[in-house]
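Numbering (this note's numbering), first residue to last: 4 to 285. Below is one structure; the comments refer to it alone.
Below, the structure is given as structure tokens:
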């Protein structure tokens, strides 16, 4: 039994190499079935995240529908769920985990996603991002922006690179022939991989959080659940998604996470081959 894109892409190869029958299950069906199961059947599974209380478990609700599921893998899918097996993909984004992994592979020496998360944990995004305080010298209280709010992701890079080039040009003797222009990636030598990692993690997560809030607001969905391999139980990722939902909803909505967010599809596929009363009896 298999689910996900690989169950279709490698279907013939799995059957040939493993010499077994392969049952394919629809990825979205399995994700929703798995999430429904975790929400309703597993105690202390769903939680909210904050730096003060990293795992505040949510109270069980008699009726879990409707809700918004935000599944973050290589890309992002946002799915409106209105009942058991009743769902509709209402949006998404191509800027997801694959974007983070791809860009950090180009811009840093990270060899794995774990490396990237570890680097982001040690980074300081203010060395790379332009903040509201960098523009106004403090907060912009009239529209509710703190001085620490990110105004432009990677906004300091262009200015710093340009400033460095201007300084070099000013010191060049008229008879001196300048060296050949450095490749673009060499210009990042002045920036730490850790700071770049944290900045990009913030950028991707903030974008996902904002789109998720807008979808929830447009469709009248109160509860927003985040899942997928991108989250990976990583504190900074959960904090950023939680912050984005809280910021854009002005505290009216909350981001929910799961302790086993990476297993939604696998559990959903398993449940499809169990008796209909299996959940309530076990």
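Using N, Cα and C, we set each Cβ at its ideal position, and we do this for glycine too.
Asked                                                                                                                                                                              : Found
Residue 242 and residue 41 - do their beta-carbons sit closer together than 8 Å?                                                                                                   : no
With a Cβ-Cβ cutoff of 8 Å, do residue 128 and residue 201 count as a contact?                                                                                                     : yes
So what does DSSP say about residue 6, is it helix, strand or coil?                                                                                                                : strand
Out of curiosity, what's the CA-to-CA distance linking residue 39 and residue 252?                                                                                                 : 25 Å
Out of 24, 28, 55, 18, which one is the CA nearest neighbour of residue 271?                                                                                                       : 28
Mind the definition here: the region 151–163 touches the region 227–240 only if three or more C-beta pairs lie below 8 Å; say whether that holds.                                  : no
Smallest Cα separation from residue 47: which of 59, 206, 96, 124?                                                                                                                 : 59
Check residue 84 in the structure and name its three-state DSSP category.                                                                                                          : strand
With H, G and I counted as helix, E and B as strand and the rest as coil, what does DSSP make of residue 74?                                                                       : strand
Return helix, strand or coil for residue 285, following the three-state DSSP convention.                                                                                           : Confidence in residue 285 is poor, its pLDDT being 41 and thus under 50, which makes the residue's placement too unreliable to answer from.
Going residue by residue through the region 226–265, where are the continuous alpha helix (DSSP H) segments of at least 4 residues, counting only ones entirely within it?         : 238–251
Excluding sequence positions up to five away, which residues of its chain have a Cβ less than 8 Å from the Cβ of residue 285?                                                      : Unreliable positioning characterises residue 285 in this predicted model, as indicated by a pLDDT of 41, which lies under 50. The coordinate reading is nonetheless provided below. Around residue 285: no qualifying Cβ.
To which residues of the same chain is residue 31 closer than 8 Å at the C-beta, ignoring the five residues directly before and after it?                                          : 80, 82, 90, 92
Which residues in the same chain as residue 150 place their Cβ atom closer than 7 Å to its Cβ, once the five residues preceding and following it in sequence are excluded?         : 134, 135, 136, 141, 142
Could you give the first and the last residue of the continuous beta strand (DSSP E) run that contains residue 297?                                                                : Look at the range of the chain in this structure, 4 to 285, and you will see that residue 297 is not part of it.
Thinking residue 1 and residue 71 are a contact (beta carbons under 8 Å), I'd like their distance in whole angstroms, please.                                                      : The question about residue 1 has no answer here: the residues shown for the chain are numbered 4 through 285.
Give a yes or no on contact between the region 205–212 and the region 94–114, applying the rule of three or more CB pairs nearer than 8 Å.                                         : yes
At the level of alpha carbons, what is the spacing between residue 37 and residue 268?                                                                                             : 6 Å
Tell me the rounded alpha-carbon separation between residue 51 and residue 229.                                                                                                    : 10 Å
Return the bridge partner residues of residue 51 from the DSSP annotation.                                                                                                         : 59
Nearest to residue 34 by alpha carbon, out of 18, 8, 22?                                                                                                                           : 8
Which residues in the same chain have their Cβ closer than 6 Å to the Cβ of residue 126, if we skip the five residues on either side of it in sequence?                            : 197, 198, 200, 201
Verify whether the separation of the beta carbon atoms of residue 49 and residue 68 is less than 8 Å.                                                                              : no
Mapping the DSSP letters down to three states, classify residue 64 as helix, strand or coil.                                                                                       : coil
Using the rule of at least 16 other Cβ atoms within 10 Å of the residue's Cβ for burial, across every protein chain shown, is residue 245 buried or exposed?                       : buried
Just to confirm before moving on: does the CB-CB distance between residue 258 and residue 227 stay below 8 Å?                                                                      : yes
Measuring only the C-alpha atoms, how far is residue 14 from residue 78?                                                                                                           : 22 Å
Taking all protein chains shown into account, do 16 or more other C-beta atoms lie within 10 angstroms of the C-beta of residue 23, making it buried, or fewer, making it exposed? : exposed
Strictly by DSSP, which residues pair up with residue 163?                                                                                                                         : According to DSSP, which records beta bridges pairwise, residue 163 is partnered with nothing at all.
On a CA-only basis, which of 156, 5, 12, 43 is nearest residue 3? Give me that one, please.                                                                                        : No statement about residue 3 is possible, as the shown extent of the chain runs from 4 to 285 and does not include it.
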